[in-house]
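Working notes, beginning with the structure itself.
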Amino acid sequence: MKMNFNMVKSGWIIVFISGFCVLAVNAQTHPDEHPHAVSFTYDALPGKIMEHNPELRAALWTIQEAASRLTQSGRLKNPNLITSFNNNQQTPERSTGLGFQQSFPITSRLRLEKNISRLKVNEARAEVMMVAQSIVESALQTATQWFGNQEKQFIIADQIRLGK
Numbered sequence: 006m007k008m009n010f011n012m013v014k015s016g017w018i019i020v021f022i023s024g025f026c027v028l029a030v031n032a033q034t035h036p037d038e039h040p041h042a043v044s045f046t047y048d049a050l051p052g053k054i055m056e057h058n059p060e061l062r063a064a065l066w067t068i069q070e071a072a073s074r075l076t077q078s079g080r081l082k083n084p085n086l087i088t089s090f091n092n093n094q095q096t097p098e099r100s101t102g103l104g105f106q107q108s109f110p111i112t113s114r115l116r117l118e119k120n121i122s123r124l125k126v127n128e129a130r131a132e133v134m135m136v137a138q139s140i141v142e143s144a145l146q147t148a149t150q151w152f153g154n155q156e157k158q159f160i161i162a163d164q165i166r167l168g169k
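So for the sequence shown, this note's numbering puts the first residue at 6; every next one is plus one.
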C-alpha cells in the first residue's frame, strides 16, 4: 500500500502535538501558570488530532471530492425534446411532431469502471484512516509517557519535601 504522507512531516506533526499536549496538560494541572493555554482531556486527544491535522483534513477532503465525482459520473443525460413541423405548399397537408429522445449505454463498461473507482476510493479512505490511527497512537503514547514523567516529578518533589 503506497503512503501519501511525507513521514518527515508526520514526525514533526507528532512532535508538535506532543509539545501541545505538554502545554495543555500543564495548564490543567497548574491553571495559574498558563492562563491562555488550551486544555483538553486524554480522551479528547484523538478528536483534536483529527480536527487540527491539515494533512489529514486535506486527504479526507480529496477523498470526499472523489466520492462526489463518482456519484455524479455515469448519470444519463437529460432527454431531448424534438419537435417538427412540415407544411406542404402544393397540397393542404400539414404535419406536426413532438418527441423525446433518450440515449442509453449499450455496454456495462461504465458500471464496471464505477465499481473499480468505488474500490479505489474505499482503499484511499482506509489508507488515510490507517495513517490517522498511527498518528493518534503516537500522540497517545507520547501523552502517556508525559503523564508518567509528570507523576514521577510530583512524587520526587513530594519525597524531597518530606525528606527535609
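Using N, Cα and C, we set each Cβ at its ideal position, and we do this for glycine too.
Residue i: first and last residue of the uninterrupted beta strand (DSSP E) it sits in
{"i": "Q106", "result": "R99 to Q106"}
{"i": "I87", "result": "N85 to N92"}
Through-space distance from residue j to residue i, alpha-carbon basis
{"i": "T67", "j": "L81", "result": "25 angstroms"}
{"i": "G104", "j": "E98", "result": "20 angstroms"}
{"i": "A129", "j": "S139", "result": "15 angstroms"}
{"i": "Y47", "j": "A148", "result": "8 angstroms"}
{"i": "A72", "j": "M134", "result": "16 angstroms"}
{"i": "A162", "j": "Q150", "result": "18 angstroms"}
Assigned secondary structure, residue i (DSSP; H/G/I helix, E/B strand, else coil)
{"i": "A49", "result": "coil"}
{"i": "W151", "result": "helix"}
{"i": "H41", "result": "Unreliable placement is indicated for H41, whose pLDDT of 49 sits below 50; no coordinate value is reported for it."}
{"i": "T96", "result": "coil"}
{"i": "N127", "result": "helix"}
{"i": "S139", "result": "helix"}
{"i": "G168", "result": "helix"}
{"i": "R80", "result": "coil"}
{"i": "N191", "result": "The first residue shown for the chain is 6 and the last is 169, placing residue 191 beyond what the model contains."}
Distance between beta carbons of residue j and residue i, contact taken as under 8 angstroms
{"i": "Q107", "j": "P84", "result": "4 angstroms"}
{"i": "R123", "j": "L75", "result": "6 angstroms"}
{"i": "G79", "j": "T88", "result": "Not a contact, Cβ separation roughly 29 angstroms."}
N- and C-terminal bounds of the alpha helix (DSSP H) containing residue i
{"i": "T112", "result": "Premise fails: T112 is in no alpha helix (DSSP H) and is neither H nor E."}
Min CB distance residue i to chain C below 7 angstroms
{"i": "F152", "result": "Chain labels in this structure do not include chain C; a single protein chain is all it has."}
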